[in-house]
Amino acid sequence: MASPIKHLQLLVQALDEPVPGVKRLLLADQDGWRLPAFRPGAHIDLHLDGGLVRTYSLCNEPEDNRRYIVAVKKEANGRGGSHYIHETLRPGQTIGVSVPRGGLEFADSAMNVFIAGGIGITPFVSAIRTLERQGRNDYVLHWASMGPPSLGDMLQPALSAGRVHLYDTRRVAPPDLGTLIRQYGDTAKVFCCGPGGMLDAVEALVADWPEDRKHIERFVAPAHTPDPSVKPYRVVLAKSGREKDVLPEIGLLATLESMDADIIVSCGGGICGACRTPWSEGPPIHHDRVLTPREREREVCVCVADCAGPTLVLDI
């Protein structure tokens, strides 16, 4: 059986800067072929020089299937990915790109409320373009930014329809999140992406809500603290037959890296899904913020996982 395609080599067809400090990349197949399908709000990994792997949200809608569009803010204290994209990457270069993963599930019988801060708009651009294409009006976006919105040109139909509320925090106060959420009632689904303070506030406000009525998307992984109650276990790589003991003070990820396991790690904190891996025996102890309960029945994000049993068998 042929191995599934995991990575593509795509051309940086265009690169612009819609507002200072934000670069927008248009990636396409060199021969114009359609690209692997994705869901609204999905992510891709960019494989950059120096072994950097960074995860970004797709901004275009799934029907726009001959290109991938991502937007990257230059982070002064980042880990190197945004600096490479802003300072080194040029149109005409070819880079490695993962197959898209993840995405957003919309509510069909309630208001979809998107709350974004700054570059946190990126996954919601794709979502809103999809909803507009479907002719739906059961959504609203509240978007706060310091200065003009970075990707407003991609949301013109929604802006014209009055379904987007902008807050330039240099001139006006950001919205009161509690008041904002309450005004949409008890059945709304809330999506939030932005700076840590905004995410923490929204997460606290919807803490008691059912999981299917909230989606909190983080760019920066929270610190993962090893669980001292986890006992040593054995990890087995099913395809190669290699195995090794995992000690709690070392952890699963470091153990896999010492085995040269075929995994890709981007965030290292369970928020991007780059390292999601099939498992067949465990069960794993899941600490990620990516996988759904159903997905966890067959996959695990190994960068933050532990094991509840004596052996964890991974399909790698």
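Numbering-wise (my numbering), the sequence shown opens with residue 24 and increments by one.
Ideal Cβ positions, reconstructed from N, Cα and C, are used throughout, including at glycine.
| Item | Value |
| --- | --- |
| So is R205 buried or exposed if we call it buried at 16+ other beta carbons inside 10 Å? | exposed |
| So, with DSSP's three-state summary, where would you put A25? | Note on A25: pLDDT 42, under 50, position unreliable in the model; no value is reported. |
| Given a threshold of 16 other Cβ atoms within 10 Å of its Cβ, counted over all protein chains shown, does N160 qualify as buried or as exposed? | exposed |
| Rounded C-beta distance between H165 and L203? I'm assuming under 8 Å. | 6 Å |
| Of the residues W302, E304, E320, C324, which one's Cα is nearest the Cα of H310? | C324 |
| Take V45 as the anchor and find which of I151, D68, G175 has the nearest alpha-carbon. | G175 |
| Assign I67 to buried or exposed, taking buried as 16 or more other Cβ atoms, counted over all protein chains shown, within 10 Å of its Cβ. | buried |
| Keeping to the same chain, check which residues put their C-beta closer than 7 Å to that of T153; ignore five residues upstream and five downstream. | P63, E84, P85 |
| Rounded to whole angstroms, what's the CA-CA distance from S263 to A284? Just pull it up for me. | 9 Å |
| Cα separation between A331 and Y256? | 8 Å |
| Quick one: what does DSSP say I142 is sitting in, helix, strand or coil? | helix |
| Would you call the segment 247-256 in contact with the segment 215-231, where contact means no fewer than 3 C-beta pairs closer than 8 Å? | no |
| Does the Cβ of S173 have 16 or more other Cβ atoms within 10 Å, making it buried, or fewer, making it exposed? | buried |
| For A25 and L33, I'd like the C-alpha separation in whole angstroms. | Here the model assigns A25 a pLDDT of 42, short of 50, so the residue's position is not dependable and the matter cannot be decided. |
| Would you kindly check if the distance between the Cβ of D199 and the Cβ of M169 is under 9 Å? | no |
| Under a three-way DSSP split, which group does A37 fall into? | strand |
| Please identify the residue among I138, G101, I144, D52 whose C-alpha is closest to the C-alpha of A94. | I144 |
| Given a threshold of 16 other Cβ atoms within 10 Å of its Cβ, counted over all protein chains shown, does R47 qualify as buried or as exposed? | buried |
| Quick check: the Cα distance between F147 and L279, rounded to an integer number of angstroms? | 34 Å |
| Note down the Cα distance separating G341 from Y162, rounded to an integer number of angstroms. | No answer is possible for residue 341: it lies beyond the span of the chain, which begins at 24 and ends at 339. |
| S121 to H70, Cα distance in whole Å? | 8 Å |
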